[in-house]
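As numbered in the UniProt record's numbering, residues 1 to 695 make up the sequence shown, in order. To start, the structure itself, in structure tokens.
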Amino acid sequence: MLEVDATRGEPSEMRARRSAARQNQRRRSKRFLCIGIIAGCSLCLAACKHGPSAAELRGAQYMIRNVEFVGVERFKPAELHAYLELRPRQWLPPRRYWFYEGLIPSDVARLESVYHAHGYYEAQVVDVRVQRIERRRQDLVDLVFVIDEGPLTRVGEVVVRWPEGPPPGPPRSQRGAPLRRAPAVDPERVSDQVVIAAGEAFEVERMNASRAALRDHLRGIGHPFAAVEDHALVDRAAQTANVEFEVRPGPFMRIGTISITGLSTVPERPVRAQLESAIGKPYSPALIEGLEQRAYGLGVFSTVSIATQPAEVAAGTGTVDLEVAVRESDPQRVRLGFALGFEPNRWTQRVSARYIHQNLFRQLYQIRLTGRAGYAELPNLFNPLAHGPTAELDLHVEKQGLLEKYLVWTLDPRIELGIEQGYQFWTGEHRFGVSRFFTRWFQLRLSHTLRYVDFFSVSSTLRGETEGQTFLGLDFRDPYIISYLGATATLFAVDTIAAPTNGAVLELEYRVAGGPLGGQYDFQELTPVVRGYWRPIERLQLAARVRLGLIFPFGDQPGAPIDMRRYLGGGDTVRGWGLRRLAPRIDDCEPGQDPRTGACESIPIGGNTSVLGNFELRVRTYKQLWVAGFVDGGDVQSEVAAFVPAQWNYSAGGGLRYDSPIGKFRLDVGVRLNATLLSEGERIWAVHLGLGESF
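Pasting the structure below:
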């Protein structure tokens with residue numbers, strides 16, 4: 001085939017013109033590419049830029065730095081700041097407020113209204129000073145409100161009138177409940193609820209509080225339709241205010257019938273069993289709230305509301321019917337979690353999964369299957385003298401209403417793999433129990449537990465060189481089986497059982513193992529506990545606990561296994577000590593080694609007698625964040641019923657609490673306050689991280 005070079009015969013001028021055209025085309029392509037890149041970057045930057053703030057949209061230039069008051073004696077500055085739109089900047093949580101001149105008249109009116117509500121009817125804002133501060137980064141403004149408070153209006157006379165007469169119904173003795181006396185009924189005692197008094201400053205807030213106190217008192221003694229009206233006659237010239245309350249108690253009402261709506265898969269009988277105990281009792285808001293909490297306690301409702309409807313009234317008394325409206329929740333839930341825990345002598349990392357079914361077979365059988373797996377290092381992650389896996393599989397089955405409507409039956413099989421100082425173990429356990437509340441104050445629980453424990457990786461110090469060798473009177477059996485009965489009586493003299501804030505809890509637990517029950521250990525155990533709570537103000541909580549632990553060996557195989565003896569130390573007992581370290585110990589060391597240097601360890605072996613005392617002060621600082629201070633004391637002795645106050649161990653410290661949706665996170669730091677025989681070689685301080693309150 002003949003090939004012809006088309007450019008060979010082309011003049012040089014044409015070739016140059018064609019080359020120049022190609023170069024121009026390349027330049028235009030590069031130019032368009034650069035323009036596209038710049039445009040794309042501009043669009044990206046524009047998209048990343050935050051939109052204008054509300055202050056920018058409304059033209060605000062100055063940020064408020066300080067707001068001060070001149071001539072103010074009645075209030076603190078922070079109290080008045082809460083009523084203003086023009087507020088100073090806030091540090092916790094950080095928040096800025098912007099200056100708008102048009103809001104000044106509104107804030108002036110607010111301040112004068114506040115003073116009028118507190119008895120200063122001639123108070124007025126006489127001047128507002130605005131000081132602008134030009135700054136390079138942000139312009140600021142300081143505001144000064146000059147206030148003339150004027151004279152104070154005081155209460156002249158307080159009168160409580162009963163146009164319809166005293167509260168009808170039975171006497172006070174027939175309106176109470178077991179262990180709880182009803183409030184006063186006679187008008188003179190009811191009138192004591194008025195908190196405003198003659199001679200003090202007339203404040204609308206205190207007058208409103210008195211009206212609410214009178215109404216709430218009457219509702220609490222069985223008068224749900226009580227009404228209270230308040231009137232104040234203010235004489236500005238005399239600077240006095242006469243206050244009058246008109247009280248109409250309405251009829252005395254008892255609970256009549258109870259109807260339940262909204263049930264679909266939940267059977268009505270167990271729900272009604274939780275509510276019908278209220279029938280015939282005097283009405284009170286506390287009773288209605290308690291019924292709602294009982295319904296919620298079944299765990300199958302997302303909402304519970306109770307409405308009242310008067311049924312019949314005659315001669316000042318009658319009944320009120322309750323309409324309980326419920327909405328069922330999803331009975332099945334799955335929860336996954338990851339946890340880190342550390343004590344001075346133990347670090348743990350684990351994952352967990354939990355499956356919950358609150359209405360199995362649509363008969364309110366409740367099951368909870370929990371699995372946990374993790375790893376533990378003793379004493380810590382960086383210097384592990386012992387370490388190993390941990391695992392637990394726990395099934396909890398609960399059913400109320402078998403044989404008797406208030407009996408609660410539980411079944412708890414469990415398998416666990418764990419590690420402690422001196423040994424590792426796996427255990428299989430089966431517990432069967434029944435409990436019942438007698439009134440809302442007293443609970444009795446009975447249970448039987450069958451437990452099998454197999455030890456491995458056991459320290460030679462514990463096992464001994466020969467079979468059957470013992471130390472400190474404690475037989476170390478590997479494996480062992482134990483069978484024991486337990487009985488627990490608890491008196492709840494508190495406001496709420498789940499999270500008490502006021503009152504006391506008294507508990508006595510008794511366990512007996514061996515004897516006719518079988519097993520390889522014979523002992524009895526007695527554990528009395530007293531817990532007290534007091535919340536004098538909303539932000540302050542006081543809590544205290546005293547607990548004794550007594551083990552009494554008996555029979556042919558006297559003693560308790562090493563993992564069931566008495567121990568103290570850790571985030572739930574004496575917080576200046578590591579977990580289970582406050583107990584008699586033995587050294588697991590080679591000749592020449594000293595556990596105080598960390599070359600070896602001392603193994604806690606527990607005791608037969610323990611005493612524990614705790615006192616804690618909790619202060620809420622910001623929202624759900626609490627700061628706590630505590631003092632702990634305790635001791636463990638090997639002998640039976642042995643108390644040696646001179647050897648009791650004390651610690652003190654502080655910590656943080658945070659109420660999260662998944663529970664209360666707790667971080668405590670405890671320091672030992674004295675030295676005893678058990679404290680030799682132990683660290684003087686301890687850090688504890690966990691969930692929930694210590695007690």
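Think of the CB as a built atom: it goes at the ideal place given N, C-alpha and C, for glycine as much as any other residue. Just so it is clear, the structure is predicted and the values come from calculations on it, not from any experiment.
Assigned exposure category for L568 - 16 Cβ within 10 Å defines buried: Residue numbering aside, residue 568 sits at position 568 when the sequence shown is read from its first letter. By the neighbour-count rule (16 or more Cβ atoms within 10 Å), L568 is buried.
Cα-Cα separation between residue 696 and A498, rounded to whole angstroms: With the chain running from 1 to 695 in the structure shown, residue 696 is simply not present.
Whole-angstrom distance between R575 and residue 705, CA atom to CA atom: Beyond the ends of the chain as shown, which are 1 and 695, falls residue 705; an answer cannot be given.
Per-residue DSSP class, three states only, for P384: For the purposes of this step, residue 384 is identified with residue 384 of the sequence shown, where counting begins at 1. Three-state result, P384: coil.
Secondary structure of Y120, DSSP reduced to three states: As a first step, residue 120 is located in the sequence shown; it is residue number 120 there, counting from the start. Reduced to three states, the DSSP call for Y120 is coil.
Length of the line joining the Cα atoms of R327 and T265: The sequence position of residue 327 within the sequence shown is 327, counting from 1. The sequence position of residue 265 within the sequence shown is 265, counting from 1. Rounded to whole angstroms, R327 to T265 spans 11 Å at the Cα level.
Exposure label - T449; buried when at least 16 CB within 10 Å: Counting from one through the sequence shown, the residue named residue 449 turns up at place 449. Buried, because 16 or more other Cβ atoms sit within 10 Å of the Cβ of T449.
Cβ pair G532, G578 closer than 9 Å: What you label residue 532 is simply residue 532 of the sequence shown in a count that begins at 1. What you label residue 578 is simply residue 578 of the sequence shown in a count that begins at 1. G578 is positioned such that its CB atom lies no closer than 9 Å to that of G532.
Own chain, CB closer than 6 Å to E509, minus 5 neighbours either side, in chain order: Working through the sequence shown from its first residue, we reach residue 509 at position 509. Its chain contains T488, T527 as the residues whose beta carbon lies nearer than 6 Å to that of E509, once the 5 sequence neighbours on both sides are disregarded; these appear in chain order.
Cα-Cα separation, L462 to N649: In the sequence shown, residue 462 corresponds to position 462, counting from 1. In the sequence shown, residue 649 corresponds to position 649, counting from 1. Approximately 26 Å between the Cα atoms of the pair.
Near the ligand MG: R350 beta-carbon under 8 Å from a heavy atom: The ligand MG is absent from the structure shown, which contains no ligand whatsoever.
Boundaries (first-last residue) of the beta strand (DSSP E) holding G578: Along the sequence shown, one-based indexing puts residue 578 at 578. No beta strand (DSSP E) contains G578, which DSSP labels as neither H nor E.
Residues near D454 in its chain [Cβ-Cβ closer than 6 Å; skip 5 each side]: Here residue 454 corresponds to residue number 454 of the sequence shown, with the count starting at 1. Closer than 6 Å at Cβ, skipping near neighbours: W426, P479.
Rounded straight-line distance, which links the Cα of D587 to that of G468: If you number the sequence shown from 1, residue 468 lands on position 468. If you number the sequence shown from 1, residue 587 lands on position 587. Confidence at G468 is low in this model, with a pLDDT of 47, below 50, so the placement of that residue should be treated as unreliable; the coordinate-derived value is given next. Separation of G468 and D587 (C-alpha to C-alpha, rounded to the nearest whole angstrom) is 19 Å.
Coil, strand or helix - S173 by DSSP: Working through the sequence shown from its first residue, we reach residue 173 at position 173. In the structure shown, S173 falls within a helical segment according to DSSP collapsed to helix, strand and coil.
Straight-line Cα distance separating Q541 from R535: Here residue 535 refers to the residue found at position 535 of the sequence shown. Here residue 541 refers to the residue found at position 541 of the sequence shown. Distance between the alpha carbons of R535 and Q541 is about 5 Å.
Euclidean distance between Cα positions of E56 and W91: Counted from its first residue, the sequence shown places residue 56 at position 56. Counted from its first residue, the sequence shown places residue 91 at position 91. Its pLDDT being 46, under 50, E56 is placed unreliably in this model, and the coordinates cannot settle the point.
Backbone CA spacing between T470 and L411 [nearest angstrom]: The residue labelled residue 470 in the question sits at position 470 within the sequence shown. The residue labelled residue 411 in the question sits at position 411 within the sequence shown. Residue placement at T470 is flagged as unreliable, the pLDDT there being 45, under the threshold of 50; a coordinate-derived value is accordingly withheld.
DSSP three-state assignment for T527, whether helix, strand or coil: Sequence index remark: in the sequence shown, residue 527 carries index 527 (1-based). Residue state, collapsed to three classes: strand.
One or two residues paired with D659 in a DSSP bridge: Your numbering for residue 659 matches position 659 in the sequence shown. K664, per the DSSP bridge assignment.
Segment limits, beta strand (DSSP E) that includes H223: Position 223 of the sequence shown, counted from the first residue, corresponds to residue 223. Premise fails: H223 is in no beta strand (DSSP E) and is neither H nor E.
DSSP state of Q647 mapped onto helix, strand, coil: Looking up residue 647 in the sequence shown gives position 647. Shown here, Q647 sits in a helix according to DSSP, grouped into three states.
Three-way DSSP call (helix, strand, coil) for T470 in this model: What you label residue 470 is simply residue 470 of the sequence shown in a count that begins at 1. Residue confidence for T470 is low, a pLDDT of 45 falling below 50, so the modelled location carries little weight; the figure read from the coordinates is stated next. Looking at T470 - three-state DSSP - the assignment turns out to be coil, as it is neither helix nor strand.
Every unbroken beta strand (DSSP E) within the UniProt domain "POTRA" (62 to 150), with a cutoff of 3 residues, ordered by chain: Annotation note: the UniProt domain "POTRA" (62 to 150) contains the following uninterrupted beta strand (DSSP E) runs of length 3 or greater, listed N- to C-terminal: 62 to 70, 124 to 133, 139 to 148.
Reduced DSSP category for R22 - H, G, I as helix; E, B as strand; rest coil: Taking the sequence shown and counting its residues from 1, the one referred to as residue 22 is at position 22. Per-residue confidence for R22 stands at a pLDDT of 49, beneath the threshold of 50, marking its modelled position as unreliable; the derived number appears in the next sentence. R22: helix per DSSP, three-state reduction.
DSSP state of G515 mapped onto helix, strand, coil: By 1-based counting over the sequence shown, the position of residue 515 is 515. Annotated three-state conformation of G515 is helix, per DSSP.
Bridge-paired residues (DSSP) for T348: In the sequence shown, residue 348 corresponds to position 348, counting from 1. G341, A376, per the DSSP bridge assignment.
Best match in L667, E289, D495 for proximity to L689 [C-alpha to C-alpha]: Here residue 689 is taken as the residue at index 689 of the sequence shown, counted from 1. Out of L667, E289, D495, L667 has the C-alpha closest to the C-alpha of L689.
Integer Cβ distance of E276 from I258, believed to fall under 8 Å: Here residue 276 refers to the residue found at position 276 of the sequence shown. Here residue 258 refers to the residue found at position 258 of the sequence shown. Taking the Cβ atoms as the reference, E276 lies roughly 6 Å from I258, within the contact range of under 8 Å.
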